[in-house]
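Visitor: Just dropping this structure here.
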Amino acid sequence: MTKTTILHLSDLHRDSGSRIKTQPLLSSLYRDRKRYTENEGIPKPDIAVISGDIVYGVRGDDPDGDRNLELQYEEAYETLAGLAERFFDGDRERIVVAPGNHDISMPHVLRAMKRLDTPPDDDKRRMLIQKVWEDDSRYRLNIPEMSVYEIINQTVYHQRLEPYAKFYDRFYEGKRKFSLNPKEQYSIHEYPELDLCVVAFSSCLENDLFNRTGAISAEAINNAMDEVAPKVERGALAISVWHHSIQGGPKENDYIDSDFLRLLMDSDCSIGMHGHQHRSGLLENRFSPDVQRHISVISAGTLCGGPRSLPTGRMRGYNVVVLDREAGYGTVHVRAMTNNDFSAPIWERGYVSEFSGSSIQFALAKKRVQSISPFELAAKADELLRNGQAIEAYELIRNHTQNQWVRAIAVKALINLEEWGEIVDLLTPPASDTDFLILSEAYENLLDWPSLRTLISSIDSEIPSGSAAVRMRIQQCQILLRGK
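Read in order, the letters of the sequence shown are residues 1 to 484 in UniProt numbering.
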């Protein structure tokens with residue numbers, strides 16, 4: 001497969017009271033897919049990336065906050081489950097999800113904190129404020145109140161992402177779990193048939209009601225990249241996903257320090273995807289003169305944000321990212337809402353002034369050429385096959401069937417898929433008794449009687465040894481061919 005297409009959605013802000021309901025939203029995206037595939041030559045998405053702010057969120061002092069947040073996550077579940085059905089035949093593994101700041105339960109944040117009395121002494125006040133700015137501080141500054149809060153229950157504080165974790169576990173039907181331990185807040189999504197590996201991170205480390213800054217646990221990054229490294233060595237393209245922007249204005253603090261990108265680059269991750277800023281963008285980041293070491297960071301607009309949440313001059317939007325590894329470049333295609341009815345969006349090409357159009361290209365990292373042994377390849381394909389992923393198994397090995405181990409797994413996958421024509425191409429001429437038996441079955445399923453007759457008549461010259469199973473199969477075929 002030479003091209004891979006990623007549907008990049010962000011800032012869904014799902015809310016049971018939202019002006020845009022789930023079915024109209026999904027229908028609008030489905031219609032737009034038809035539009036850009038048929039009229040603009042953009043391939044259908046292979047996977048989707050959701051870079052945070054799945055729900056709108058609730059205020060910390062909302063007396064019904066827990067229940068309201070639960071209803072929002074119910075709406076989010078219906079949205080992503082419907083997206084999987086409409087775009088990926090129900091395969092939820094084709095959707096990668098990362099949390100955003102709106103996904104945090106602010107009622108949990110307040111329950112984990114207490115407001116401190118303001119010290120009357122100036123020096124003690126200064127010392128208290130200094131503690132707010134320390135690394136890993138348990139103190140928070142509430143600017144509107146000009147007061148300081150202290151996190152007094154770390155367990156409850158970590159549970160501020162528990163509603164998201166429940167949604168996450170439910171969406172992936174228990175096959176994936178979201179940990180409340182920041183060091184474990186990453187997930188790896190491998191697509192061997194696409195030569196792609198996507199890592200989703202939580203950029204909500206220490207993010208809460210009073211600390212808007214984004215951050216990712218360094219341990220999470222290192223642990224994830226250690227797992228991804230062997231996949232990159234085998235030729236996979238690594239993509240990282242998080243929520244927060246990597247830059248902001250002089251009076252803003254709700255973004256993430258871009259220095260973490262160096263950790264990703266050091267592990268040969270060359271593409272990043274995020275949301276939060278509610279506008280599409282592309283930033284090329286290099287931290288050394290080495291032009292081969294860079295990371296392209298792609299941001300998406302808000303899919304469901306209301307008028308007050310949109311940047312000046314921008315509408316709702318999302319991205320379709322096409323990766324062409326053979327050509328060595330990727331393309332970000334921006335889709336934007338072009339009508340004024342926020343309850344029934346119509347999507348078309350979106351003009352981005354920084355792109356001078358609706359799309360922009362960027363260079364892809366060169367594919368690793370390190371070889372992988374046929375035995376390792378066969379083992380990986382066999383694992384996919386045992387997990388019910390016959391298509392993925394065959395795509396992984398279809399160009400390596402000259403090896404007998406790989407060839408055997410390829411045949412298993414094709415039988416599972418009932419791709420009899422492909423089996424004929426692969427096993428002609430037969431090189432063993434097993435090949436003959438499978439090939440005869442393929443001809444029978446294809447109702448290709450002339451080829452079946454030719455096969456059984458050439459048995460002596462093509463097959464080294466005629467086993468009892470082969471002789472019995474020949475007799476069955478002779479009976480089957482009578483009158484045909």
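Heads up, the beta-carbon is just placed ideally off N, CA and C, and yes, glycines get one too.
Alpha carbon to alpha carbon, how far is residue 341 from residue 109? Give it in angstroms, no decimals.
Guide: Those two C-alpha atoms are separated by around 35 Å.
Visitor: So if DSSP puts residue 77 in a beta bridge, which residue, or which two residues, is it bridged to?
Guide: Residue 77 pairs with nothing; no bridge assigned.
Visitor: So, helix, strand or coil for residue 240, using DSSP?
Guide: Reduced to three states, the DSSP call for residue 240 is strand.
Visitor: Could you name the residues of the same chain whose beta carbon sits closer than 8 Å to that of residue 227, not counting the 5 residues immediately before and after it, in chain order?
Guide: Taken in chain order, the residues that qualify are 188.
Visitor: Mind checking residue 351: buried by the 16 CB within 10 Å criterion, or exposed?
Guide: Classification for residue 351: exposed.
Visitor: Tell whether a beta-carbon distance below 8 Å holds between residue 54 and residue 96.
Guide: No, the Cβ-Cβ distance between residue 54 and residue 96 is not below 8 Å.
Visitor: For residue 455 and residue 440, which I take to be in contact (beta-carbon distance under 8 Å), what is that distance rounded to the nearest angstrom?
Guide: Contact flag correct, Cβ pair sits at about 6 Å.
Visitor: Restricting to Cα atoms, I'd like to know which of 446, 419 and 404 is closest to residue 434.
Guide: Ranking 446, 419 and 404 by Cα distance to residue 434 puts 404 first.
Visitor: To the nearest angstrom, how far is it from the Cα of residue 8 to the Cα of residue 319?
Guide: Roughly 5 Å between the two C-alpha positions.
Visitor: Given 8 Å as the limit, is there contact between the region 297–304 and the region 270–283, that is, 3 or more CB pairs closer than that?
Guide: Yes: the two stretches touch, three or more of their Cβ pairs being nearer than 8 Å.
Visitor: Let me check one thing: in DSSP terms, what residues is residue 285 bridge-paired to?
Guide: Partner(s): 295.
Visitor: For residue 380, count neighbouring Cβ atoms within 10 angstroms of its own Cβ and tell me buried if that reaches 16, exposed if not.
Guide: Buried, by the Cβ-count rule.
Visitor: Extract the residue ranges of the alpha helix (DSSP H) inside the region 25–101, only unbroken runs of 4 or more that lie entirely within it.
Guide: Segments of the alpha helix (DSSP H) lying fully in the region 25–101: 65–88.
Visitor: Measuring alpha carbon to alpha carbon, tell me which of 277, 266 and 259 ends up nearest residue 252.
Guide: If we check each option's Cα against that of residue 252, 277 comes out closest.
Visitor: By the 10 Å Cβ neighbour count, where 16 or more other Cβ atoms means buried, how is residue 5 classified, buried or exposed?
Guide: Classification for residue 5: buried.
Visitor: Between the beta-carbon of residue 214 and the beta-carbon of residue 271, is there less than 8 Å?
Guide: Going by C-beta atoms, residue 214 is not nearer than 8 Å to residue 271.
Visitor: Does the CB of residue 377 have a neighbour CB from chain D at under 8 Å?
Guide: Absent from the structure: chain D. Only one protein chain is present.
Visitor: Compare the beta carbon distance of residue 394 and residue 413 with 8 Å and say whether it is the shorter of the two.
Guide: Cβ distance < 8 Å, so residue 394 and residue 413 count as in contact.
Visitor: Roughly how far, in whole angstroms, is the beta-carbon of residue 201 from the beta-carbon of residue 73, given that I think they are within contact range, below 8 Å?
Guide: Contact doesn't hold; Cβ gap of about 20 Å is too wide.
Visitor: For a quick check, are the C-beta atoms of residue 173 and residue 86 less than 8 Å apart?
Guide: For residue 173 and residue 86, no; Cβs fall outside 8 Å.
Visitor: By a C-beta neighbour count over all protein chains shown, 10 Å radius and 16 as the cutoff for buried, is residue 313 buried or exposed?
Guide: When all chains shown are included, residue 313 counts as exposed.
Visitor: Is residue 211 near residue 104, with beta carbons less than 8 Å apart?
Guide: Not a contact, by the Cβ cut-off of 8 Å.
Visitor: Out of 196, 450 and 183, state which residue places its alpha-carbon closest to the alpha-carbon of residue 219.
Guide: It is 183.
Visitor: State the DSSP-derived secondary structure class of residue 477, mapped to helix, strand or coil.
Guide: Correct three-state label for residue 477: helix.
Visitor: Just verifying my parser: in three-state terms, what is the DSSP assignment at residue 336?
Guide: Three-state result, residue 336: strand.
Visitor: Return the first residue and the last residue of the beta strand (DSSP E) that residue 200 is part of.
Guide: Unbroken beta strand (DSSP E) run through residue 200: 196–201.
Visitor: So is residue 307 buried or exposed if we call it buried at 16+ other beta carbons inside 10 Å?
Guide: Classification for residue 307: exposed.
Visitor: Under the three-state reduction of DSSP, which class applies to residue 462: helix, strand or coil?
Guide: Interpretation of residue 462 is limited by its pLDDT of 49, a score under 50 that renders its predicted location unreliable; no figure is taken from the coordinates.
Visitor: Return the CA-CA distance between residue 147 and residue 71, expressed in angstroms with no decimal places.
Guide: C-alpha separation (whole angstroms): 32 Å.
Visitor: Using the Cβ count rule (16 or more neighbours within 10 Å means buried), how would you classify residue 152?
Guide: So residue 152 ends up on the exposed side.
Visitor: Per DSSP, which residues does residue 322 bridge with? Please list them.
Guide: Residue 322 is bridged to 5 and 331.
Visitor: Going by DSSP, which residues form a beta bridge with residue 359?
Guide: DSSP output for residue 359 lists 333 as bridge partner(s).
Visitor: Compare the beta carbon distance of residue 397 and residue 410 with 8 Å and say whether it is the shorter of the two.
Guide: A contact, by the Cβ cut-off of 8 Å.
Visitor: Per DSSP, residue 348 forms a beta bridge with which residues?
Guide: Note: residue 348 sits in a beta bridge opposite 336.
Visitor: Could you check the C-alpha separation between residue 162 and residue 180 for me, to the nearest Å?
Guide: Going by the C-alpha atoms only, they are around 7 Å apart.
Visitor: Classify residue 345: buried if its beta carbon has 16 or more other beta carbons within 10 angstroms, exposed otherwise.
Guide: Per the 10 Å Cβ criterion, buried.
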